[in-house]
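Residue numbers (this note's numbering): 607 to 836.
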């Protein structure tokens with residue numbers, strides 16, 4: 607056991623809720639490792655650009671770089687920018703060549719905990735540090751409370767960063783989402799969704815929180831009858 611892992615061992619027993627959370631995390635270790643493997647494969651085999659005739663026209667007519675949202679200057683080379691991680695409909699917009707080169711995808715997968723630093727999280731870190739191969743980096747407040755921690759995966763450039771939703775967001779999700787109007791990235795992924803369903807997708811408060819009273823709910827293959835959610 608490493609020095610970091612040793613420092614995470616405490617005498618206090620886990621509460622029933624903590625034991626349930628650790629059990630849930632343990633069940634998802636194979637999924638996390640597979641996700642890291644799948645993402646690594648995508649980075650090693652990026653998809654080529656796929657542009658529709660309409661997008662070709664939009665690119666030719668573009669006068670502003672979609673990355674830094676300013677007009678192209680004289681002498682700047684305009685190039686098409688695309689998402690290397692999805693196979694189709696991956697054109698994002700026209701961009702300056704220099705900005706396009708530096709506009710890279712991160713190898714860090716964020717895992718958001720609601721108010722992580724407000725709770726004793728050492729038992730989660732201990733379990734992740736000892737059950738998954740790879741080092742772990744901590745950004746602590748105290749010995750038991752953390753702003754974030756990062757789990758690296760052996761033989762992979764991919765890592766998982768567990769962050770506190772309160773500390774890594776400027777405001778609540780509801781307030782942040784209300785400031786957005788166009789949702790260009792979200793629309794590119796759900797381009798065939800009807801407008802009324804897309805509006806629901808961008809709202810907070812749709813999730814039936816009371817119904818999800820155990821982790822087993824996430825394994826159900828379909829939604830329950832609507833009267834149960836009322």
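Positions of the beta carbon are idealized from the N, C-alpha and C atoms, including for glycine.
DSSP-derived helix/strand/coil call for residue i
i           : result
residue 745 : strand
residue 701 : strand
residue 630 : helix
residue 806 : helix
residue 677 : strand
residue 757 : strand
residue 793 : helix
residue 635 : helix
residue 773 : coil
residue 763 : coil
residue 693 : coil
residue 714 : strand
residue 819 : coil
residue 654 : coil
residue 781 : helix
residue 739 : coil
Distance between residue j and residue i (C-alpha atoms, nearest Å)
i           : j           : result
residue 767 : residue 713 : 10 angstroms
residue 710 : residue 672 : 14 angstroms
residue 616 : residue 807 : Legend: pLDDT at residue 616 = 44, less than 50; position of this residue unreliable, value from coordinates given subsequently. Roughly 42 angstroms between the two C-alpha positions.
residue 777 : residue 742 : 28 angstroms
residue 674 : residue 705 : 8 angstroms
residue 818 : residue 824 : 8 angstroms
residue 730 : residue 762 : 22 angstroms
residue 781 : residue 797 : 24 angstroms
residue 721 : residue 775 : 11 angstroms
residue 681 : residue 747 : 49 angstroms
residue 803 : residue 809 : 10 angstroms
residue 786 : residue 793 : 12 angstroms
residue 773 : residue 788 : 26 angstroms
residue 629 : residue 621 : 12 angstroms
residue 756 : residue 745 : 9 angstroms
Beta-carbon proximity check, residue i vs residue j, cutoff 8 angstroms
i           : j           : result
residue 769 : residue 642 : no
residue 631 : residue 734 : yes
residue 697 : residue 670 : no
residue 668 : residue 684 : yes
residue 693 : residue 665 : no
residue 723 : residue 752 : yes
residue 678 : residue 702 : yes
residue 652 : residue 690 : yes
Residues of its chain near residue i, where Cβ-Cβ distance is below 8 angstroms and the 5 sequence neighbours each way are ignored
i           : result
residue 626 : 821
residue 737 : 632 and 635
residue 799 : 807
residue 639 : 738 and 759
Residues near residue i in its chain [Cβ-Cβ closer than 7 angstroms; skip 5 each side]
i           : result
residue 688 : 655, 696, 697 and 698
Same chain, Cβ closer than 6 angstroms to residue i, neighbours up to 5 away in sequence not counted
i           : result
residue 608 : For residue 608, the predicted structure reports a pLDDT of 43, less than 50, and the residue's modelled location is therefore unreliable. A value from the coordinates is still provided. Nothing listed; no residue qualifies.
residue 661 : 697
residue 814 : 835
Cβ of residue i within 8 angstroms of any chain C Cβ
i           : result
residue 713 : Although the question refers to chain C, the structure presented lacks it and comprises just one protein chain.
Cβ-heavy atom distance, residue i to the ligand NAD, below 7 angstroms
i           : result
residue 692 : By its list of ligands, the structure shown contains no ligand whatsoever, and the ligand NAD lies outside what it can speak to.
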